[in-house]
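Protein chains in written order, with the working numbering: chain A, 1 to 205; chain B, 206 to 410.
All residues carry an ideal CB built from backbone N, CA and C; glycine is no exception.
Protein chains: 2
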Amino acid sequence: MSYSSQLLEQAVDAFSGLPGIGKKSALRLALHLLKQDKDQVLSSVLKPIEKMIREIKFCSSCHNLSDGDQCVICQQRGHKADKICVVESFRDVMAIEETDQYNGVYHVLGGVISPLDGISPEDLNIDTLVERAGLEHFTEVIMAISPTIEGETTIYYLSKRLKNCNVTISQLARGISFGGELEYADELTLGRSIITRTPYSISEI
Amino acid sequence: MSYSSQLLEQAVDAFSGLPGIGKKSALRLALHLLKQDKDQVLSSVLKPIEKMIREIKFCSSCHNLSDGDQCVICQQRGHKADKICVVESFRDVMAIEETDQYNGVYHVLGGVISPLDGISPEDLNIDTLVERAGLEHFTEVIMAISPTIEGETTIYYLSKRLKNCNVTISQLARGISFGGELEYADELTLGRSIITRTPYSISEI
Chain A
1 MSYSSQLLEQ
11 AVDAFSGLPG
21 IGKKSALRLA
31 LHLLKQDKDQ
41 VLSSVLKPIE
51 KMIREIKFCS
61 SCHNLSDGDQ
71 CVICQQRGHK
81 ADKICVVESF
91 RDVMAIEETD
101 QYNGVYHVLG
111 GVISPLDGIS
121 PEDLNIDTLV
131 ERAGLEHFTE
141 VIMAISPTIE
151 GETTIYYLSK
161 RLKNCNVTIS
171 QLARGISFGG
181 ELEYADELTL
191 GRSIITRTPY
201 SISEI
Chain B
206 MSYSSQLLEQ
216 AVDAFSGLPG
226 IGKKSALRLA
236 LHLLKQDKDQ
246 VLSSVLKPIE
256 KMIREIKFCS
266 SCHNLSDGDQ
276 CVICQQRGHK
286 ADKICVVESF
296 RDVMAIEETD
306 QYNGVYHVLG
316 GVISPLDGIS
326 PEDLNIDTLV
336 ERAGLEHFTE
346 VIMAISPTIE
356 GETTIYYLSK
366 RLKNCNVTIS
376 QLARGISFGG
386 ELEYADELTL
396 GRSIITRTPY
406 SISEI
């Protein structure tokens, strides 16, 4: 692409470094910004993004994204919750909140144990989880971690660390997806879902 | 979507106001920025974009985007060019430069005459075009304007304004696209391309 302006070219490069944005989309975005009123773009597009990058914090209890010292969920439910849901990242907190099926608090690990990627238990928010599970009035810790090899390893490690904490440890139910077709389910999932089949009851429907 | 942080929500709103970016992509972009080093993101992503918005100028000769008073094209070709190519926007300058088939200068109108959208000749960079065509050493003005009703109107208006300027006025060739299939060409284009057929010569291939 031949740019008549270096400023434009550098802005296009900045945009196209973002995930899912190629050179053509980046150019479109840059030209879109140039078509608007300068002050309007600075205050309504760039300022909120810069403010987020500069000011966002992590909740001191659960390590979720937060505007202040404690995140909204800990503020609202922290004093009465009896369950902790352990997740890999703040994206998972949002996904579970979307379901409207959980009213406890969360604990964001910041990843899973993965020796191949150089991530050991010390790199994750595990000590604070053990501390919370021991000190506070929690009765259950729910492992909402992806069922990958690294995820399973992490669940195993966490359950050993939480052994003396007097809490029930549970994990997300595994099986075939709702709306999924049996013939497309992978063998492992299908095989495990036959072994761990559940009693059928009409009231569930 | 349930955000635990207002800062995040506002940044997502800012991203999703850009063309072609929905809420999900916007969230992905915001979380991507949060995963990086704070200073790195500010200097390599936000700064070039802000710099472009604040500092970019329009070329004083051709109204193209420019870093300084004159754009690179006018600086390099301005003194010896004998052709002006009239285009709607700076995007069109880039498209024509990509073809590598033109070595004259440009004149960016900033749009086309469109009474329905409230765009009259006074809103476009037409006076400066007439001035340039009259004063400088130009022999040809090429109308590289989209063949829409508004575009045709603009070409007609410009050709009347340039009548006394002693320049040849030409327009982009119209016809069926290279690589296009005849059966999918629209009737008007196909009909006109029969009427305005050109002599076949082997040397063109």
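Check	Outcome
Among Gln-6(A), Ala-14(A), Asn-103(A) and Leu-34(A), whose alpha-carbon lies nearest the alpha-carbon of Val-141(A)?	Asn-103(A)
Examine chain A for any beta-carbon lying closer than 8 angstroms to the beta-carbon of Ser-266(B), and answer yes or no.	no
For Ser-208(B), which residues from the same chain have a beta carbon less than 6 angstroms from its beta carbon, with the 5 sequence-adjacent residues on both sides left out?	Note that residue 208(B) is Tyr in the sequence shown, not Ser. Result list for Tyr-208(B): Glu-214, in chain order.
With distance defined between alpha-carbon atoms, name the residue in Glu-303(B), Asn-330(B) and Glu-260(B) nearest to Gly-316(B).	Asn-330(B)
Look at Ile-84(A) and Arg-161(A) and say whether their C-beta atoms are less than 8 angstroms apart.	no
By how many angstroms is the C-alpha of Leu-270(B) removed from the C-alpha of Ser-319(B)?	23 angstroms
Buried or exposed for Leu-334(B), please, with buried defined as at least 16 other CB atoms from any protein chain shown within 10 angstroms of its CB.	buried
DSSP three-state label for Gln-59(A), please.	The question names Gln, yet the displayed sequence has Cys at residue 59(A). Of the three classes helix, strand and coil, the one that applies to Cys-59(A) here is coil, per DSSP.
Cβ closer than 9 angstroms: which chain B residues qualify as neighbours of Ile-56(A)?	Ser-210, Leu-212, Leu-213, Ala-216 and Leu-239
Please list, in chain order, all residues of the same chain as Gly-283(B) whose beta carbon is under 8 angstroms from its beta carbon, the five residues on each side excluded.	Ser-266, Gln-275 and Val-310
Put Glu-386(B) into one of helix, strand or coil per three-state DSSP.	coil
Mind listing, in chain order, the continuous beta strand (DSSP E) runs of no fewer than 3 residues lying wholly within the segment 261–308 of chain B?	288–292
Please list, in chain order, the residues of the segment 272–288 of chain B that have any C-beta partner in chain A closer than 7 angstroms.	Asp-272, Cys-276, Val-277 and Ile-278
For chain B, find out if any of its Cβ atoms is closer than 8 angstroms to the Cβ of Ser-16(A); answer yes or no.	no
Hey, quick one: how far does the beta strand (DSSP E) through Tyr-405(B) stretch, first residue to last?	Where Tyr-405(B) is concerned, there is no enclosing beta strand (DSSP E), given that its DSSP letter is neither H nor E.
Quick check: the Cα distance between Ile-400(B) and Thr-353(B), rounded to an integer number of angstroms?	19 angstroms
Using C-beta distances below 8 angstroms, list every residue in its chain close to Ile-176(A), excluding the 5 sequence neighbours before and after it, in chain order.	Leu-182, Ala-185, Thr-189, Leu-190 and Ser-193
To the nearest angstrom, how far is it from the Cα of Leu-363(B) to the Cα of Thr-373(B)?	12 angstroms
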